[in-house]
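So the sequences go chain by chain: R and S. Residues 38 to 264, numbered by this note's numbering, are exactly what the first sequence covers, in order. Residues 10 to 167, numbered by this note's numbering, are exactly what the second sequence covers, in order.
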Amino acid sequence: MRNLATLLFLGGLAFLLIVITGSLDFGNPPMRIGEAIQQDAPAQVGAANIVTAVVLGYRGLDTLGELSILFAAATAGGLVLGSLPARRRPDAGFVLRAGSDLMFPLLMVAGLYIVIHGHLSPGGGFQGGVILAAAFFLPLLARPQSTPGHGWLTVIEGLSGAAFIAIGLAALYGGQAFLTPLLDKGTLGELVSGGTLPLLYLAVGLKVGAELSGLLMRLAEDEEATS
Amino acid sequence: MSTLFGLIFFVGAIGLCVIGIAGIVLSRNLFRMVLALAIAEAGANLMLVLAGYRWDAVAPILAGTPATQPMVDPVPQAMVLTAIVIGVGVQALALSLVIRVKQRYATLDMREARQRMQDDLDREAGITPSRSQEQPAGERPLPPPSHVAVEAAGGGHD
Numbered sequence: 038m039r040n041l042a043t044l045l046f047l048g049g050l051a052f053l054l055i056v057i058t059g060s061l062d063f064g065n066p067p068m069r070i071g072e073a074i075q076q077d078a079p080a081q082v083g084a085a086n087i088v089t090a091v092v093l094g095y096r097g098l099d100t101l102g103e104l105s106i107l108f109a110a111a112t113a114g115g116l117v118l119g120s121l122p123a124r125r126r127p128d129a130g131f132v133l134r135a136g137s138d139l140m141f142p143l144l145m146v147a148g149l150y151i152v153i154h155g156h157l158s159p160g161g162g163f164q165g166g167v168i169l170a171a172a173f174f175l176p177l178l179a180r181p182q183s184t185p186g187h188g189w190l191t192v193i194e195g196l197s198g199a200a201f202i203a204i205g206l207a208a209l210y211g212g213q214a215f216l217t218p219l220l221d222k223g224t225l226g227e228l229v230s231g232g233t234l235p236l237l238y239l240a241v242g243l244k245v246g247a248e249l250s251g252l253l254m255r256l257a258e259d260e261e262a263t264s
Numbered sequence: 010m011s012t013l014f015g016l017i018f019f020v021g022a023i024g025l026c027v028i029g030i031a032g033i034v035l036s037r038n039l040f041r042m043v044l045a046l047a048i049a050e051a052g053a054n055l056m057l058v059l060a061g062y063r064w065d066a067v068a069p070i071l072a073g074t075p076a077t078q079p080m081v082d083p084v085p086q087a088m089v090l091t092a093i094v095i096g097v098g099v100q101a102l103a104l105s106l107v108i109r110v111k112q113r114y115a116t117l118d119m120r121e122a123r124q125r126m127q128d129d130l131d132r133e134a135g136i137t138p139s140r141s142q143e144q145p146a147g148e149r150p151l152p153p154p155s156h157v158a159v160e161a162a163g164g165g166h167d
């Protein structure tokens with residue numbers, strides 16, 4: 038009975054969505070906001086990557102809200118898992134240790150590159166932050182004994198979140214709206230351009246990286262405590 | 010032609026959504042429910058990206074491309090960018106809850122975990138379970154065999 042109701046609901050949902058999307062003109066969307074943003078973004082925000090201009094310029098407040106959702110999820114994860122007494126397993130084998138040593142600097146460079154070039158090329162703070170989280174999680178897999186705890190991760194996370202809000206408040210102090218891009222726009226396409234956008238994305242990247250690696254470490258520690 | 014392609018793509022995205030929701034509702038395994046949630050999220054993200062797609066358009070990045078070249082809509086892409094990260098956070102939270110349930114009740118089956126949790130709560134509160142399949146309220150026409158009662162009392166928790 039419950040399965041039948043579920044299937045009916047799913048059929049109705051699929052029908053509704055197909056009818057709605059079928060009425061769209063695929064490949065030729067009515068993008069009035071998109072057109073306006075594409076025309077105005079280079080002059081207003083100064084970022085070559087228009088998606089970054091939308092994420093940090095036009096929708097900066099939404100990004101702050103999204104960061105707080107991520108923060109809430111990470112905090113709740115830590116709360117649920119708790120801080121168990123870490124019963125750490127011995128170090129991993131040679132292959133994993135050597136691989137981790139090789140991969141760590143490469144992942145750091147790739148992650149920081151993607152974060153810093155977020156306003157120029159595909160990528161940005163969120164994507165690069167995830168790569169940074171993977172980089173910081175590798176040593177824990179390879180050498181659980183000698184890896185420091187996640188106290189310093191909390192410091193990075195808090196400082197970068199505070200930096201994001203402080204940049205927004207600086208615009209407010211100058212008489213503009215919250216999170217308005219400040220500083221010189223620079224030349225379009227240069228590394229140092231787009232005003233405060235690279236700084237904002239750096240803060241986002243560090244925050245995402247610290248949060249996700251803290252969460253991964255907690256999950257891994259918890260799994261060890263269980264087994 | 011373009012509507013045919015659009016229909017195929019959208020049916021794929023909607024199919025992912027539907028499969029994910031069906032998995033959430035029909036599955037009894039908690040970990041499979043988390044995976045189904047991830048599939049449903051992927052379908053929703055794909056639908057959003059498709060809504061902003063344009064034929065013969067490039068990525069919305071102003072580097073080296075002539076200004077006349079049309080670009081895809083950047084707004085859905087920005088939304089999906091943030092939605093993916095939120096999805097990761099939500100999945101991590103759901104997984105940590107699943108780990109906790111597994112540690113406490115030693116099962117990933119949702120009904121079994123619920124039953125054990127109810128037993129736990131009843132025991133903590135000091136009340137005998139008001140309704141139970143092994144010991145229904147009221148008179149029984151025939152008493153159950155004794156070994157069934159022993160199993161029911163001993164098998165409730167580890």
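By construction, the Cβ of each residue, glycine as well, lies at the ideal position given by its N, Cα and C atoms.
Comparing alpha carbon positions, the residue from S/132, S/133, S/107, S/135 closest to residue 122 of chain S is S/107. At a cut-off of 8 Å, the C-beta of residue 12 of chain S has a neighbouring C-beta in chain R. Apart from the 5 residues on each side of it in sequence, residue 38 of chain S sits with its Cβ closer than 6 Å to the Cβ of 117 in its chain, given in chain order.
Nearest C-alpha to residue 227 of chain R among R/253, R/251, R/154, R/189: R/154. Less than 8 Å divides the Cβ of residue 200 of chain R from the Cβ of residue 240 of chain R. Note that the region 23-35 of chain S does not touch the region 190-208 of chain R; fewer than 3 beta-carbon pairs, one per stretch, sit closer than 8 Å. For residue 145 of chain R, the enclosing alpha helix (DSSP H) begins and ends at 131-153. When 9 Å is used as the limit between beta carbons, residue 80 of chain S is near these residues of chain R: 71, 75, 87, in chain order. In the structure shown, the three-state DSSP call for residue 118 of chain S is strand. Contact annotation for residue 245 of chain R against chain S: 94 [CB-CB distance below 8 Å, chain order]. Across the structure, residue 97 of chain S and residue 67 of chain R are spaced so that their CA atoms are roughly 30 Å apart.
Runs of the alpha helix (DSSP H) spanning 4 or more residues and lying entirely within the region 38-86 of chain R occur at 39-59, 69-81, in chain order. DSSP places residue 67 of chain S within a strand segment (E or B) once states are collapsed to three. Per the Cβ contact rule, the region 57-66 of chain R is not in contact with the region 129-139 of chain R (fewer than 3 Cβ pairs under 8 Å). Residues of chain R with a Cβ closer than 9 Å to the Cβ of residue 15 of chain S are, in chain order, 58, 59, 61, 62, 63, 64. Using a C-beta cut-off of 8 Å, the region 44-62 of chain S makes no contact with the region 86-97 of chain R, since fewer than three inter-stretch Cβ pairs fall below that distance. Interface criterion not met: the Cβ of residue 181 of chain R is under 8 Å from no Cβ in chain S.
Contact annotation: residue 207 of chain R and residue 196 of chain R have beta-carbon atoms that are not nearer than 8 Å.
Within chain R, no residue has its beta carbon less than 7 Å from that of residue 36 of chain S; the closest one is some 11 Å off.
With at least 16 other beta carbons inside 10 angstroms of its own, residue 163 of chain R counts as buried.
Contact between residue 175 of chain R and residue 82 of chain R fails: their C-beta atoms lie close to 35 Å from each other, not under 8 Å. For residue 119 of chain S, same chain residues with a beta-carbon under 7 Å away, outside a window of 5 residues either side, are 37, 39 in chain order. In this structure, residue 20 of chain S keeps its C-beta atom at 8 Å or more from the C-beta atom of residue 43 of chain R. Taking the beta carbon of residue 55 of chain R as reference, the chain S residues within 9 Å of it are 16, 19, 20, 23, listed in sequence order.
Within the model, the alpha-carbon separation for residue 110 of chain R versus residue 102 of chain S is close to 6 Å. The alpha carbon of residue 55 of chain S has as its nearest neighbour, out of S/65, S/15, S/41, the alpha carbon of S/15. Not one beta carbon of chain R lies nearer than 8 Å to the beta carbon of residue 124 of chain S. In the DSSP annotation of this structure, residue 136 of chain S is not part of any alpha helix (DSSP H), being labelled neither H nor E. When Cβ-Cβ separations below 8 Å define contact, residue 202 of chain R makes no contact with chain S. For residue 50 of chain R, a Cβ of chain S is located within less than 8 Å of the residue's own Cβ. In this structure, the straight-line span from the alpha carbon of residue 98 of chain R to that of residue 92 of chain R is close to 9 Å. In chain order, 54 place their CB closer than 7 Å to the CB of residue 93 of chain S, counting only its own chain and leaving out the 5 sequence neighbours on each side.
Under a 10 Å Cβ-count criterion, residue 75 of chain R is classified as buried, with 16 or more other Cβ atoms of the shown protein chains found around its own Cβ. With the criterion set as a beta carbon lying under 8 Å from some beta carbon of chain S, the members of the region 94-105 of chain R are 96, 99, 100, 103, in sequence order. Contacts between residue 163 of chain R and chain S, judged by CB atoms closer than 7 Å, involve 90, 94 in chain order. Spanning the alpha carbons of residue 156 of chain R and residue 238 of chain R requires a straight line of approximately 8 Å.
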